[in-house]
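Participant:
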Amino acid sequence: VFKLKLHWQVLIAMALGTIFALVFGENSLFVAPLGTIFMRLLKMIIVPLILFSITSGVASLGDSRTLGRIGTKTFVYYFATSIFAILVGLILTNIIQPGVGLEYASSGQSFDPSSLQKPSSLGEIIIRMIPLNPIAAMANGDMLGVIFWSIVFGFAITRLSGRP
Numbered sequence: 013v014f015k016l017k018l019h020w021q022v023l024i025a026m027a028l029g030t031i032f033a034l035v036f037g038e039n040s041l042f043v044a045p046l047g048t049i050f051m052r053l054l055k056m057i058i059v060p061l062i063l064f065s066i067t068s069g070v071a072s073l074g075d076s077r078t079l080g081r082i083g084t085k086t087f088v089y090y091f092a093t094s095i096f097a098i099l100v101g102l103i104l105t106n107i108i109q110p111g112v113g114l115e116y117a118s119s120g121q122s123f124d125p126s127s128l129q130k131p132s133s134l135g136e137i138i139i140r141m142i143p144l145n146p147i148a149a150m151a152n153g154d155m156l157g158v159i160f161w162s163i164v165f166g167f168a169i170t171r172l173s174g175r176p
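Residue numbers for the sequence shown follow the working numbering, beginning at 13 and rising by one.
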């Protein structure tokens, strides 16, 4: 049996989907429910995948010092890549200047920036990370709460002794 690697399967499927849409145009809408089902299945698996992969990853570290060291490296990496992404975005926005020369049609709706909920402090941001109910966080797709709960649960597993 001829077996392709996953990345080739995905690339071929994307090409076939594009060709199918170009050939059949508007008549290809009958396959739209398949795409919707596929996306729902992907979204359905995200929360358990994150929960179990982070929990097992933290639990497999075994030592709280190792967890702290890896956590520090992860934070530094996340911070550095975020700064890099922000800089690239700012530079490209100033070079390309998207939207310059476009006429915007007003929809009659207005936006009031003061209506946005702003955290008052770093402490409030940290408090918002901690879910009131981990099951509700999973059900609502609150990824930050799920990640926090997964880390705490994984750390708790490392603290268990092997004796009953």
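Glycine included, C-beta positions come from ideal geometry on N, C-alpha and C.
Just so it is clear, the structure is predicted and the values come from calculations on it, not from any experiment.
For residue 11, count the other beta carbons within 10 Å of its own beta carbon; 16 or more makes it buried, fewer makes it exposed. Which is it?
Facilitator: In the structure displayed, the chain extends from 13 to 176; residue 11 sits before or after that span and is not available.
Participant: Would you mind giving the Cβ-Cβ distance between residue 166 and residue 71, rounded to the nearest angstrom? I have them listed as a contact below 8 Å.
Facilitator: Numbered from 1 along the sequence shown, position 154 holds the residue referred to as residue 166. Numbered from 1 along the sequence shown, position 59 holds the residue referred to as residue 71. Correct: roughly 4 Å between the Cβ atoms.
Participant: Got a sec, what are the start and stop residues for the alpha helix (DSSP H) residue 142 sits in?
Facilitator: The residue you call residue 142 lines up with position 130 of the sequence shown. That residue, residue 142, is in no alpha helix (DSSP H); it is neither H nor E in DSSP.
Participant: For the candidate residues 132, 31, 156, whose alpha-carbon lies nearest to that of residue 233?
Facilitator: Summary: the structure shown does not reach residue 233, with the chain confined to residues 13 through 176, and so no result is reported for it.
Participant: My assumption, with CB atoms under 8 Å, is that residue 67 sits in contact with residue 162. Please give the rounded CB distance.
Facilitator: As a position in the sequence shown, residue 67 is number 55, starting the count at 1. As a position in the sequence shown, residue 162 is number 150, starting the count at 1. Sure, about 5 Å apart at Cβ, within 8 Å.
Participant: Could you check how far apart the C-beta atoms of residue 146 and residue 137 are, in whole angstroms? I think they sit under 8 Å.
Facilitator: By one-based count along the sequence shown, residue 146 stands at place 134. By one-based count along the sequence shown, residue 137 stands at place 125. 19 Å between Cβ atoms; not a contact.
Participant: Residue 122 lies in the alpha helix (DSSP H); which residues open and close that run?
Facilitator: Within the sequence shown, the letter at position 110 stands for residue 122. Element bounds for residue 122: n/a, residue is neither H nor E.
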